[in-house]
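Engineer: Numbering (our numbering), first residue to last: 15 to 398. Just so it is clear, CB atoms sit at the ideal spot from N, CA and C, and this is done for glycine as well. Since this is a predicted model, take the numbers as computed values, not measurements. One structure coming up, written as structure tokens, with questions to follow.
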Amino acid sequence: MGMKAFTFDGSHTWLLQVPMMIFPFELYFALMNRLNHAFSPHAVNNIMYELGRKHGWNGTEIYFKKFNIRPQVSDFSFFMEQTKMLGYGNLSILDLKSDHKQFRLRHDSTFAKLVLKNHGKQPYSVDSFTLGLATGAGGLILDLRDPVGLETTCVAKGDLNCEYLVSEGSQAYTQEKENATFPVDLLENYTLKQLVNSFPHRSGDRNYALFSKLQQRSLNSLKLTDEGIKIGPLTGMTTPMIVICYLVELLRKEFGLAKTNGLLYEVGKDEGIRSLDYLRSVGLEINRVEGVKIIPELLSFYGFGNGFAIQASTNRIIIRLFDNSFAITRSSIFGPSKEVDDYFIAGFLAGGYSKLFGKGFEFKETACARENNKQCLFEGSPSA
Ligand SMILES: [Zn+2]
């Protein structure tokens, strides 16, 4: 694993042939914050934890299959350290019981540190996804029966370190998870085959206004830093697109379609507004003419595909998005659908163009790759 296995092909990021999404830390915080306020923090934490646990298991298994190795206790710390390569920060072993049925980890959480720095002390632990990853991956390697993880301390809550305790399922921890009303059966279907085969498309090279601007400053490559993964102007964690697809499905099942779609649109809108700040943060100034082209191109950095503005005036904007890995992956898992699927992306365009033009825009997705596997179309107009 690690950065050598990562590639950025101009419109998507790949790890071992798996399409990835770059999840900027500020976007992740905004999403969790809105979800916690709109719904129950307990339910939201459980969704992130269970999703992490399933993926930790699958992600580790794919590695074992690819290199034809069997899980060994001696591989344990090596696999825990891989979280650093994905931008989550290093996981180190504090304690591994001699029977190998319980372990404690310290997580040097890039996300928790940033949350504390930028947003102050939080009422909840913020690393539920990474806790799940460690629980699933550790459980597979150590052959734990029904592994259960707890984040015992978290930097974002004001504790000195983030620490996890993972054990075989026991009365005490089952109690903790008892109240979870969680559509967990959905994750039963998440298989290794889906992880590997989810996205057959690859886009060719194209001329991006954004890339040529960034290339002049050697800024468009993928980099691992102590603060997380950086690609172009984004800093964050990276996770397979299939995990994002399941996340959205779990949220919709748990909290309802309309509420979830509306929330994703608003989260996208905030991220779109921040997007021009990201570009400024790496020293780029973007005028209106450039901005019209660059806002849809930014979707590539997140891993969503090739975005183009095909019409842009101050009262009508049309965006075409090819090879949208989110919609196509969802289509391959859950089947094609006539429903449009990309509320986050529609919101992102609304926020980006509102900020660029200094007046409100709203976007609607009018055709989606979830149905035709080719392209998504988004239409924007000034808000009333
Ligand atoms: Zn779509």
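(1) Taking only three categories from DSSP, how would you classify ASP109?
(2) Within 7 Å: the Cβ of CYS168 and any heavy atom of ligand 1?
(3) Identify whether PHE269 lies in helix, strand or coil by the three-state DSSP scheme.
(4) Helix, strand or coil: how does DSSP classify TYR187 here?
(5) For ligand 1, is there any heavy atom lying closer than 7 Å to the beta carbon of ASP113?
(6) Taking just the CA atoms, how far does ASN301 sit from GLN230?
(7) Where DSSP assigns a beta bridge to ARG330, which residues make up the other side?
(8) Could you tell me the distance, in whole angstroms, from the CA atom of ALA170 to the CA atom of PHE125?
(9) Between which residues of its own chain and MET15 is the CB-CB distance below 8 Å, once the five residues before and five after are set aside?
(10) Identify, in the order they occur along the chain, each residue of the same chain with its Cβ nearer than 6 Å to the Cβ of LYS378, setting aside the five sequence neighbours on each side.
(11) Would you mind reading off the limits of the beta strand (DSSP E) that contains ALA398?
(12) Taking only heavy atoms of ligand 1 into account, decide whether any of them is closer than 7 Å to the Cβ of ASP356.
(13) Determine the closest residue to PHE358 out of ILE256, PHE22, PHE318 and GLY66, with distance taken between C-alpha atoms.
(14) Three-state secondary structure (DSSP) at ASP23?
(15) When the Cα atoms are used, what is the spatial distance from ARG118 to GLU75?
(16) Look at the Cβ atom of LEU158, then the Cβ atom of TYR178, and state whether they are nearer than 8 Å.
(17) Could you give the first and the last residue of the continuous beta strand (DSSP E) run that contains HIS121?
(18) Are the region 57-66 and the region 82-91 touching by the rule of at least three beta carbon pairs closer than 8 Å?
(19) Give the DSSP-derived three-state secondary structure of ASN320 in the structure shown.
(20) When you compare the CB positions of ARG384 and ALA323, do they come within less than 8 Å of one another, or not?
(21) Kindly indicate which residue of ASN338, HIS133, LEU147 and LEU298 has the alpha-carbon position closest to the one of ASP356.
(22) Should the region 240-259 be regarded as contacting the region 323-335, the criterion being three or more beta carbon pairs within less than 8 Å?
(23) Let me make sure I understand the geometry here. Which of PHE92, ALA364, GLY321 and THR205 has the alpha-carbon closest to that of LYS307?
(24) Whose C-beta lies closer than 6 Å to the C-beta of PRO254 among residues of the same chain, with five residues either side of it excluded?
(25) Counting only runs of 4+ residues fully inside the region 199-258, write out the alpha helix (DSSP H) ranges in chain order.
Structural biologist: A quick look at the data gives this:
(1) It is a strand residue.
(2) no
(3) helix
(4) Low local confidence applies: a pLDDT of 48 at TYR187 is under 50, so the model's placement there is unreliable, and no value is given.
(5) no
(6) 17 Å
(7) SER327
(8) 9 Å
(9) Because the pLDDT at MET15 is just 40, under 50, the model does not fix this residue reliably, and the point stays unresolved.
(10) GLU393
(11) Careful: ALA398 lies outside any beta strand (DSSP E) and carries neither H nor E.
(12) yes
(13) Closest by C-alpha distance to PHE358, out of ILE256, PHE22, PHE318 and GLY66, is PHE318.
(14) Assignment of ASP23 by DSSP, reduced to helix, strand and coil, places it in the coil class.
(15) 22 Å
(16) no
(17) 116-121
(18) no
(19) strand
(20) no
(21) ASN338
(22) Because the criterion of three Cβ pairs below 8 Å is not met, the region 240-259 and the region 323-335 do not touch.
(23) Of the listed residues, the one whose Cα sits closest to LYS307 is GLY321.
(24) VAL32 and MET34
(25) 199-202, 206-211 and 223-229
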